[in-house]
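Trainee: This is the structure, below, for whatever I ask next.
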Amino acid sequence: MTSTGKRRFVALFAVGALAASASACSSGGGDKKDNTAKPSAKTASVVIGTAADSKGPAAEVPGAKKGGVAGVLNRTGFSHLDPGRAYVSNLMTVSELISRRLTTYKREGDKTTLVGDLATDTGTTTDGGKTWKYTLKDNLKYEDGTPIVAADVKYGVERMFNKAWNEGPVWIQGWLTGSDKYWEAYPGPYEGAELPNDKIEVPDAKTIIFHLASPQGDFPFAAAMGTTAPMPKSKDTKEQIDTKPFASGPYKITTHEPDKQLILDKNPNWDPASDSVRHQYVDQFKFEMGIPGATQFQRLTAAAGSDAAAFTLNERPDANFAQQIATDPALKNRVTDGIGPYANRFDINNLRITDVNVRKAMAIAFPRQSARLAEGGPTAGDFSTTIASPTQLGYAPYKSLFDGLPPDGDQAKAKQMLEAAGKVGQKVVLCINTTKVQQERALPIMDMLGKAGFQMERKEISDKEYYDVIGKLDTPCDLYWAGWGADWPTGSTVYTPVYDSRQVLDNGQNYAKYKNPAVDAEIDRILKITDTNAQAVEWMKLDEKIMQDVPSIPYIYQRHRLVYGPQIGGAALNSKGAIDLNNIFIK
């Protein structure tokens, strides 16, 4: 049963990745200027690993050396380093170097394997996925040398029931209680209670058992999220964990000046024999924050002084730098390239713009080609028509409202739609952050939607606060960029958080504030389908149904081209579209 389930996932995810590789090469359209130097990209298959795959130490990286300081350039500070609250790619990437969890991903070339991290394997179930048991590995320690025990994992999960901390993943909380409003069933540990044994059982220091409200075959994937990072109750500093978590991984925080710098030094109590994924090659990671994208590219291209041993965490190139990459072979050799799980879109605030015909007019007028030129043209990614990324299992494009439209939209047609709806002059507040790409991308959007008859207003938000602002129910924004990557390669981690009415709440991930009870009912129905292939087909049908309401404007399937200095070794993309910190070394 358990082993059969694992074999089934291995086959299905391998097939899904192969399909993604083929479909990701389709043309995004556009004129000659926008279609030059179109590259090929790589995708990665995902399989469920065995106990043997989960054993440390991690395989050595060819040519790797120990020592040195790796510089990391980042556009913003880190709003959440509490592992259970980190839910943006750069935050999760850094968090995984500091905080271990029950399972994690091992990346080897184009193959990605889910393996046990703190646990000896990816979990076992004897009742079809309703109960999941994990055994911790030997010699697991925190940064102060104290042992990591199963009760700490339980407490780490309990902390994330705090309603105020719902920025992070909530899969496990919902599955344990059988409710989207999990905090009503259990408000967290700060009121003195703990989850009973019929929810999480800890029979001894090395064993933890999760009793779910219903079967969840995806639980091993959810266990790779920061929700399962261990936290001893005595070290819980609550909000302060967000700036300095208690380390269980190979590196610990020694200096953190928010929005300025973050320094990670080796954790001497991390045991490489217990870890099949991470290395501890460099002596120190030194993060510089508040570095604009253009400045990052200039510094890393010049590679002067310490910048030769530096890299960008996840900053993609703007148009100028994309052109430079295309014409400089030496530079191109130190740039990653791949397709990750992110399908980027522009969300429309459905609470403020309630007329579907107005939303359709916005989409028809939207200048996708000119917007994409601001970030390098086709090298930024192919135009998207779906909510799903091509890496999602079962991905299949369908007829969309973009069919037959010019790549920069049809403003005349959009204006006719507004006139028919009596909405010419509809006010639209376009919210953007302070990055160069968003600033430049805003220009054609403001222009073309204005020509279509919308009254456009532009509002800037600090880069660090961007997602917090657009996530508020009372946000002043009507149109805003958003990117979403599946937590694992099935539709269950896309439509549920992003388009379920029950996720329309402050700090939720339904940024479009989209509400459709029929969609909610379909989500519930599809989640009960146990055949993963059949479920994948239904997710794509739901994708098409949602897009008929135009809650968002599909934009691009995001490519990840990230530059690193000539002295950096081991640079490769992780499953989140950032540079994987686990294998970095100084040449």
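According to mature numbering (1 follows the signal peptide of the UniProt record, and there is no 0), the residues represented by the sequence shown are -24 to -1, 1 to 563, in order. In this text, a Cβ means the ideal position worked out from N, Cα and C, and glycines have one as well. Source: prediction; values computed, not measured.
Within the region 318 to 366, note down every full alpha helix (DSSP H) run reaching 4 residues or more, in order along the chain.
Mentor: Listed in chain order, the complete alpha helix (DSSP H) runs (minimum 4 residues) inside the region 318 to 366 are 332 to 341, 344 to 349.
Trainee: Where DSSP assigns a beta bridge to G545, which residues make up the other side?
Mentor: G545 pairs with F561.
Trainee: Which class does Q431 belong to by DSSP, given the choice of helix, strand or coil?
Mentor: Residue state, collapsed to three classes: strand.
Trainee: Measure how close the beta-carbons of E264 and L49 come, nearest whole angstrom, since I'm counting them as under 8 Å.
Mentor: Contact holds; Cβ gap of about 5 Å.
Trainee: At a cut of 8 Å, does the region 114 to 130 reach the region 160 to 167 through at least three beta carbon pairs?
Mentor: No contact exists between the region 114 to 130 and the region 160 to 167.
Trainee: List, from N- to C-terminal side, the beta strand (DSSP E) runs of 3 residues or more that fit wholly inside the region 157 to 219.
Mentor: Segments of the beta strand (DSSP E) lying fully in the region 157 to 219: 176 to 180, 183 to 187.
Trainee: Can you tell me where the alpha helix (DSSP H) with L503 in it begins and where it stops?
Mentor: That run of the alpha helix (DSSP H) goes 493 to 503.
Trainee: Roughly how many whole angstroms lie between the Cα atoms of F430 and L455?
Mentor: Their Cα atoms are separated by approximately 12 Å.
Trainee: F561 to K262, Cα distance in whole Å?
Mentor: Their backbone Cα atoms lie some 13 Å apart in a straight line.
Trainee: Of the choices V129, A205, D496, E134, whose alpha-carbon is the least far from that of A169?
Mentor: When each option's Cα is compared against that of A169, the closest is E134.
Trainee: Which stretch, first to last residue, makes up the alpha helix (DSSP H) that contains V133?
Mentor: Note, V133: alpha helix (DSSP H), 126 to 135.
Trainee: Candidates N245, E36, G154: which alpha carbon is nearest G121's?
Mentor: Ranking N245, E36, G154 by Cα distance to G121 puts N245 first.
Trainee: Find out if the Cβ-Cβ distance for the pair L90, T79 is shorter than 8 Å.
Mentor: Contact flag set, yes.
Trainee: Just to confirm my understanding: we take Q543, look at its own chain, exclude 5 residues before and 5 after, and list those with CB closer than 6 Å. What are they?
Mentor: Only A284, A285, I562, K563 meet the Cβ criterion.
Trainee: Does the beta-carbon distance from A341 to A428 come in below 8 Å?
Mentor: Yes.
Trainee: Tell me the DSSP secondary structure of D235 in three-state form.
Mentor: Of the three classes helix, strand and coil, the one that applies to D235 here is coil, per DSSP.
Trainee: Just how far apart, CA to CA, sit T111 and T213?
Mentor: Using only the alpha carbons, I get a separation of about 27 Å.
Trainee: How would you call D294, buried or exposed, if buried means at least 16 neighbouring beta carbons within 10 angstroms?
Mentor: With 16 or more other Cβ atoms within 10 Å, it is buried.
Trainee: Return the chain-ordered list of same chain residues with a C-beta closer than 7 Å to the C-beta of H56, the five sequence neighbours on each side being excluded.
Mentor: The answer, listed in chain order, is A62, L67, E143, D218.
Trainee: Is the number of C-beta pairs between the region 303 to 321 and the region 519 to 537 that are closer than 8 Å three or more?
Mentor: Yes: at least three Cβ pairs fall under 8 Å.
Trainee: What residue does the alpha helix (DSSP H) around residue 564 start on, and which one ends it?
Mentor: Residue 564 is absent from the model: the chain starts at -24 and stops at 563.
Trainee: Quick check: the region 90 to 106 against the region 272 to 283, are there 3 or more CB pairs under 8 Å?
Mentor: No, they do not touch.
Trainee: Can you tell me the Cβ-Cβ gap for L94 and I124, rounded? I've got them flagged as a contact below 8 Å.
Mentor: Correct: roughly 7 Å between the Cβ atoms.
Trainee: To the nearest angstrom, report how far apart L240 and D313 are at their CA atoms.
Mentor: Going by the C-alpha atoms only, they are around 27 Å apart.
Trainee: Counting Cβ pairs closer than 8 Å, one from the region 503 to 520 and one from the region 22 to 39, do we hit at least three?
Mentor: Result no; under three Cβ-Cβ pairs closer than 8 Å.
Trainee: Counting beta carbon pairs with one atom in the region 353 to 366 and one in the region 490 to 503, are three or more of them shorter than 8 Å?
Mentor: No, the region 490 to 503 is not in contact with the region 353 to 366.
Trainee: Please determine, among G105, V526, D304, M393, the residue with the shortest C-alpha to C-alpha distance to I363.
Mentor: The option with the nearest alpha carbon to I363 is V526.
Trainee: Helix, strand or coil: which one does DSSP assign to L406?
Mentor: Looking at L406 - three-state DSSP - the assignment turns out to be strand.
Trainee: Given a threshold of 16 other Cβ atoms within 10 Å of its Cβ, counted over all protein chains shown, does T203 qualify as buried or as exposed?
Mentor: When all chains shown are included, T203 counts as buried.
Trainee: Just to confirm before moving on: does the CB-CB distance between P473 and P420 stay below 8 Å?
Mentor: Their beta carbons are not under 8 Å apart, which means P473 does not touch P420 by this criterion.
Trainee: Under the rule that 16 or more other beta-carbon atoms within 10 Å means buried, what is T451, buried or exposed?
Mentor: Its Cβ being crowded by 16 or more others within 10 Å, T451 is buried.
Trainee: Using 8 Å as the threshold, is the C-beta distance between P248 and S224 below it?
Mentor: Not closer than 8 Å, so no.
Trainee: Please go through the same chain and pick out, in chain order, the residues whose beta-carbon is closer than 6 Å to the beta-carbon of W464, but skip the five residues on each side of it.
Mentor: Excluding residues within five positions, the ones whose Cβ falls inside 6 Å are F197.
Trainee: For W457, write down the residues that DSSP places opposite it in a beta bridge.
Mentor: Note: W457 sits in a beta bridge opposite F322.
Trainee: Verify whether the separation of the beta carbon atoms of A347 and R417 is less than 8 Å.
Mentor: Cβ distance < 8 Å, so A347 and R417 count as in contact.
Trainee: Relative to the C-alpha of P305, which candidate in K139, D556, V539 has its C-alpha closest?
Mentor: Residue V539 is the option with its Cα nearest to P305.
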